[in-house]
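Chemist: For reference, the structure I am asking about is given below.
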Amino acid sequence: MTASARKVRVAVVQAASVMFDREATVEKAVGLIAEAAAGGARLVVFPEALVPAYPRGLSFGSIVGNRSDEGRRIYARYLNNAVVIPSPATDRLGQAVREAGVWLAIGVIEREPAGGTLYCTLLYFGPDGAILGKHRKLKPTA
């Protein structure tokens, strides 16, 4: 290691979402951000689609050409708990980041404010709590 190299402690958080509950999942993340910072982390990284959840295994009641009423209800809950950027959810994450003084990368399901388009998005926050950028996953994985 050269004299100019620095070590940075990174917290890679393995946590489950509070399924389809944006506010509860954000509050869970807020606590984990504080815990990581207290442990000396300067960068905190969360999983893909933490907020509101990664819908692995869910069909939302769909089959080719049809969707069940229950599937529609589940999908509506998923859509309604997706994250608009900016929003109170991103403001709360920014506040936690600012208080902890860390950098943050967190996966969210992003919803466009006008319409129902969803993206699997990675949000980047700086230690001042500002959103530095976002990356939308455009090619879904199977």
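With the numbering used here, the residue at position 96 of the sequence shown is 1056, and numbering never jumps.
By construction, the Cβ of each residue, glycine as well, lies at the ideal position given by its N, Cα and C atoms.
1. Which residues in the same chain have their Cβ closer than 6 Å to the Cβ of residue 979, if we skip the five residues on either side of it in sequence?
2. Less than 8 Å between the C-beta atoms of residue 1088 and residue 1058, yes or no?
3. For residue 967, report the span of its beta strand (DSSP E) as first-last.
4. Within the same chain, show all residues whose beta-carbon is closer than 8 Å to that of residue 981, passing over the 5 residues directly before and after it, in chain order.
5. Go through the stretch 979 to 1018 residue by residue and report every complete run of the beta strand (DSSP E) that reaches 3 residues or more, in order.
Modeler: Walking through what the data contain:
1. 1013
2. yes
3. Premise fails: residue 967 is in no beta strand (DSSP E) and is neither H nor E.
4. 1012 and 1041
5. 1003 to 1005
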